[in-house]
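Heads up: the structure comes next, in structure tokens.
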Amino acid sequence: MTVQPASLAADPMVPRRFRVDRAWSEIDGVRSMELRPLDSGPVAFEPGQFNMLYAFGVGEIAVSLSGDAAQRDRLVHTTRAVGEVSRAITQLNEGDMVGVRGPFGTAWPIARQTGRHAVFVAGGLGLAPLRPAIYHVLANRADFAGLTLIYGARSPQDLLYADEVARWKSRFDVEIEVTVDHAAPGWTGRVGVVTTVIDRALAGVDPALVSAFLCGPEIMMRYGVMSLEAAGVGQDRIWVSLERNMKCAIGFCGHCQFGPTFVCRDGPVYRHDQIAHLINKSEV
Amino acid sequence: MTKGQTTHGILKDPTLLVAALMADGWRVIGPKVRDQAIVYEVLDQPDDLPRGLTDSQSGGLYRLEAGQPERWFDYVVGPHSWKKWLFPARQKLWTATRLADAGFEIEVSAIDWPKTVFFGVRACEIAAMTVQDRVFDNGMFRDAAYAARRADTLIVAVQCARSAETCFCASMNTGPGVDEGYDIALTELAGISGEILVTAGSDRGRAILAPLALPSATDGQIAAGPATTAAAAASQSRAMVPDIARVLREGLDHTNWEVVADACLSCGNCTLACPTCFCSDVEDVSDLSGDHAERWRSWDSCFSTDFSYVHGGAVRRSPKSQYRQWMTHKLSTWHDQFEMSGCVGCGRCITWCPVGIDITREAGTFAAHPHPAET
Ligand SMILES: Cc1cc2nc3c(=O)[nH]c(=O)nc-3n(C[C@H](O)[C@H](O)[C@H](O)COP(=O)(O)OP(=O)(O)OC[C@H]3O[C@@H](n4cnc5c(N)ncnc54)[C@H](O)[C@@H]3O)c2cc1C
Ligand code: SF4
Ligand code: SF4
Ligand code: FES
Numbered sequence: 002m003t004v005q006p007a008s009l010a011a012d013p014m015v016p017r018r019f020r021v022d023r024a025w026s027e028i029d030g031v032r033s034m035e036l037r038p039l040d041s042g043p044v045a046f047e048p049g050q051f052n053m054l055y056a057f058g059v060g061e062i063a064v065s066l067s068g069d070a071a072q073r074d075r076l077v078h079t080t081r082a083v084g085e086v087s088r089a090i091t092q093l094n095e096g097d098m099v100g101v102r103g104p105f106g107t108a109w110p111i112a113r114q115t116g117r118h119a120v121f122v123a124g125g126l127g128l129a130p131l132r133p134a135i136y137h138v139l140a141n142r143a144d145f146a147g148l149t150l151i152y153g154a155r156s157p158q159d160l161l162y163a164d165e166v167a168r169w170k171s172r173f174d175v176e177i178e179v180t181v182d183h184a185a186p187g188w189t190g191r192v193g194v195v196t197t198v199i200d201r202a203l204a205g206v207d208p209a210l211v212s213a214f215l216c217g218p219e220i221m222m223r224y225g226v227m228s229l230e231a232a233g234v235g236q237d238r239i240w241v242s243l244e245r246n247m248k249c250a251i252g253f254c255g256h257c258q259f260g261p262t263f264v265c266r267d268g269p270v271y272r273h274d275q276i277a278h279l280i281n282k283s284e285v
Numbered sequence: 490m491t492k493g494q495t496t497h498g499i500l501k502d503p504t505l506l507v508a509a510l511m512a513d514g515w516r517v518i519g520p521k522v523r524d525q526a527i528v529y530e531v532l533d534q535p536d537d538l539p540r541g542l543t544d545s546q547s548g549g550l551y552r553l554e555a556g557q558p559e560r561w562f563d564y565v566v567g568p569h570s571w572k573k574w575l576f577p578a579r580q581k582l583w584t585a586t587r588l589a590d591a592g593f594e595i596e597v598s599a600i601d602w603p604k605t606v607f608f609g610v611r612a613c614e615i616a617a618m619t620v621q622d623r624v625f626d627n628g629m630f631r632d633a634a635y636a637a638r639r640a641d642t643l644i645v646a647v648q649c650a651r652s653a654e655t656c657f658c659a660s661m662n663t664g665p666g667v668d669e670g671y672d673i674a675l676t677e678l679a680g681i682s683g684e685i686l687v688t689a690g691s692d693r694g695r696a697i698l699a700p701l702a703l704p705s706a707t708d709g710q711i712a713a714g715p716a717t718t719a720a721a722a723a724s725q726s727r728a729m730v731p732d733i734a735r736v737l738r739e740g741l742d743h744t745n746w747e748v749v750a751d752a753c754l755s756c757g758n759c760t761l762a763c764p765t766c767f768c769s770d771v772e773d774v775s776d777l778s779g780d781h782a783e784r785w786r787s788w789d790s791c792f793s794t795d796f797s798y799v800h801g802g803a804v805r806r807s808p809k810s811q812y813r814q815w816m817t818h819k820l821s822t823w824h825d826q827f828e829m830s831g832c833v834g835c836g837r838c839i840t841w842c843p844v845g846i847d848i849t850r851e852a853g854t855f856a857a858h859p860h861p862a863e864t
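Order-wise, the sequence lines are chains W and G.
Numbering-wise, my numbering puts 184 at position 183 of the first sequence, and it's gapless, one number per residue.
Numbering-wise, my numbering puts 805 at position 316 of the second sequence, and it's gapless, one number per residue.
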């Protein structure tokens, strides 16, 4: 799949306008929306990439693409309201207009993993940027040795895309482990951090076949990588997605620097062995 | 006054060149004295060009002083750099206007840049422009406004006959002589008072010089140009550690970061004074009616804690990590990002640091004791 880089757009600092086609609540404080373009330019993206979304008069933030990359006429974003701009984004409704710059950043190299066992490890909202890659494996399942999703959230109410995950789980060719930190009445699933589940989920899987993709809080990814390594998965077969403050997404503002890299350009998706020396250092 | 491909002439009074440029319709931006410092502003008349001044600079100290009265360019770089013109401290990117259908339209800000000449650009400053050229045209994206200003600007360089105590361009290979990137270069020859060697570096420069019909430079005068800058280079007492990029890459855990951080005020002066620092913030503003919104881009500094803020808290909170980010970026990771150093050796960060932290001395400390690691 080749995607036209956003650099071909007339001016990379100017948003293009999209119309909100549908908007719906996911879990408390989190909403998704489907956008259709009003201005010309690329709509296609690769799994793992993100856009800068602009709410009129309020501001612009980085939000991952969470929809199916095979649908090349619309964009889906899932946003958690944590501050001023993200709150404004989650208040948009059908018919509203939103500014979009992108797509930006590196992608999960999922299309290059044919023949391998794809393991997705998601924490909280980290499932959103992984979902396009999961869609790809689901749609091309025969090309992969296996698909395992390990998904953790704080509580059962915090599980994103719960209905969809349940549908995936009903497929016989998909392994899904869901765990929560704190159970609630009626929860019959697993309780405990994601890392404890990794060991169990990978029992019986040939680690040499695993390609792993992690997205979630940095601490979760750190321990997740340790568990994967302990299970025999090579650092060069593990990809993580990082978050840093972003003001431009085009390498100009300097805010997203992580060591020698710009997260907006060289990330957000990194192969772990390329950043292992930095990720455990504090305040880099 | 033709000598091979290069054109050399002799000018006694540089204000004649300023006057010629002004008469030809150029906006001339050049050195002026304001608040007892050399700043780069629009010259209103040729006589705005300062004369008879020199400067005294050291860690945390800048003083403009009387020099030899007949000489023109014995002061070196001040608090301003040309960055403030090519990459303004605050610029409006676009305006959005609300439409009736719950939508909006966006209008990109026009670039307002008359025919401009930068007069008196030092070697290290040409190098700094080359650095920012690379930053703002990074192979994937291009800052159209920066590129437009830069492309249309004529560069009249001044080769330094004197260095300040804070200068270390010689060790960065960026000065004090000017090799390329100029339209006209002026060299006020050392020892020979009242003689400025004029060198054309481009056809644009040649075209501007032609009507002035300057007397040709003699072979002796032409040879005095490199000798003048060589003397300035030889006078420089500060130097950058040659393999500082590696030293810092391997020194993220060095105890000296803590030592510098104890002195550093995290004021960000160094980043503002530095001619290559490019970090910026954006600000979205809207008017009271809520119908008009604008996006502004302004200089930012990695010394602010907000700089690295992500929901839940900033990544770099301690002054130690902020100083480490700045210094490793300038001298080490810049090479990874742009295949060049982010430091051109202009010494501004030394002079304008209120507590006189010296990037060359700190580099020396990291290099001399490469291993101390924090526990
Ligand atoms: C590559 C990438 C992908 C992302 N994908 C998603 C997603 O799919 N869904 C989602 O809900 N959130 C996502 N985020 C996080 C989202 O960008 C922040 O939650 C958002 O910027 C917060 O802005 P605010 O103004 O609402 O909050 P405030 O906390 O008030 O933030 C103030 C400003 O700080 C910066 N900032 C704060 N937190 C972050 C952050 N985590 N990352 C980058 N900049 C930040 C922004 O410039 C923001 O405007 C992503 C971030 C990155 C870098
Ligand atoms: S780091 Fe200091 S010496 Fe180097 S270019 Fe910037 S201001 Fe000048
Ligand atoms: S650093 Fe070099 S080129 Fe720059 S002002 Fe000093 S002597 Fe001149
Ligand atoms: S977000 Fe501005 S440089 Fe990466």
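Positions of the beta carbon are idealized from the N, C-alpha and C atoms, including for glycine.
Other residues of its chain near residue i: CB distance less than 6 Å, five sequence neighbours each side excluded
i	result
L150 (chain W)	F121, I177
A251 (chain W)	One point to set straight first is that residue 251 (chain W) is Ile, not Ala, in the sequence displayed. Hits under 6 Å: P13.
C766 (chain G)	T760
Short CB-CB distance (under 7 Å) between residue i and chain W
i	result
D751 (chain G)	no
C768 (chain G)	yes
N627 (chain G)	yes
D544 (chain G)	no
I595 (chain G)	yes
T586 (chain G)	no
G582 (chain G)	Per the sequence shown, the amino acid found at residue 582 (chain G) is Leu instead of Gly. It does: the Cβ of L582 (chain G) has a partner Cβ on chain W nearer than 7 Å.
S775 (chain G)	yes
A881 (chain G)	The shown model of chain G, from 490 to 864, leaves out residue 881 (chain G), and the question about it has no answer.
Same chain, Cβ closer than 8 Å to residue i, five either side skipped, listed in chain order
i	result
E27 (chain W)	S33, T79, L161, Y162
G106 (chain W)	G49, Q50, F51, A250, V264, C265, R266, G268, P269, V270
W169 (chain W)	I135, L139, L150, V175, I177
Residue i CB to nearest heavy atom of ligand 1 below 6 Å
i	result
A63 (chain W)	yes
H818 (chain G)	no
N246 (chain W)	yes
A856 (chain G)	no
E85 (chain W)	yes
T180 (chain W)	no
R81 (chain W)	yes
Chain-order list of residues whose beta-carbon lies under 7 Å from that of residue i (same chain, five-residue window excluded)
i	result
S797 (chain G)	A803, V804, R805
V667 (chain G)	A612, I615, A646, Q648, A674
W25 (chain W)	R32, S33
T864 (chain G)	Low confidence applies here, because T864 (chain G) scores a pLDDT of 49, under 50, leaving its location unreliable and the question unanswered by this model.
Proximity test, residue i beta-carbon vs ligand 2 heavy atom, cut-off 6 Å
i	result
C838 (chain G)	yes
V833 (chain G)	yes
T849 (chain G)	no
C763 (chain G)	yes
Closest residue to residue i among the options (Cα-Cα distance)
i	options	result
I220 (chain W)	W:D237, W:G235, W:E244	W:E244
R837 (chain G)	G:D537, G:Y551, G:P535, G:A689	G:Y551
G714 (chain G)	G:I685, G:G757, G:S726, G:P700	G:I685
G30 (chain W)	W:W109, W:S65, W:E95, W:R88	W:R88
A129 (chain W)	W:I280, W:R37, W:A154	W:A154
T180 (chain W)	W:D174, W:V195, W:K170	W:V195
P808 (chain G)	G:V624, G:V771, G:N745	G:N745
I848 (chain G)	G:P558, G:A750, G:A721	G:A750
A204 (chain W)	W:R191, W:A231, W:G187, W:G217	W:A231
A526 (chain G)	G:H781, G:S545, G:D632, G:A508	G:S545
Q814 (chain G)	W:T262, W:D274, W:Q275, W:A277	W:T262
V528 (chain G)	G:F607, G:I846, G:A585	G:F607
E559 (chain G)	G:D773, G:T707, G:G740, G:G541	G:G541
D825 (chain G)	G:G498, G:V531, G:V624, G:K501	G:V624
CB contact below 7 Å: residue i versus chain G
i	result
L246 (chain W)	Inspection of the sequence shows that residue 246 (chain W) is occupied by Asn rather than by Leu. Yes - at least one Cβ of chain G is within 7 Å of the one on N246 (chain W).
G268 (chain W)	no
M221 (chain W)	no
V241 (chain W)	no
M98 (chain W)	yes
Check: residue i C-beta below 6 Å from any heavy atom of ligand 4
i	result
C658 (chain G)	no
F263 (chain W)	yes
H256 (chain W)	yes
A250 (chain W)	yes
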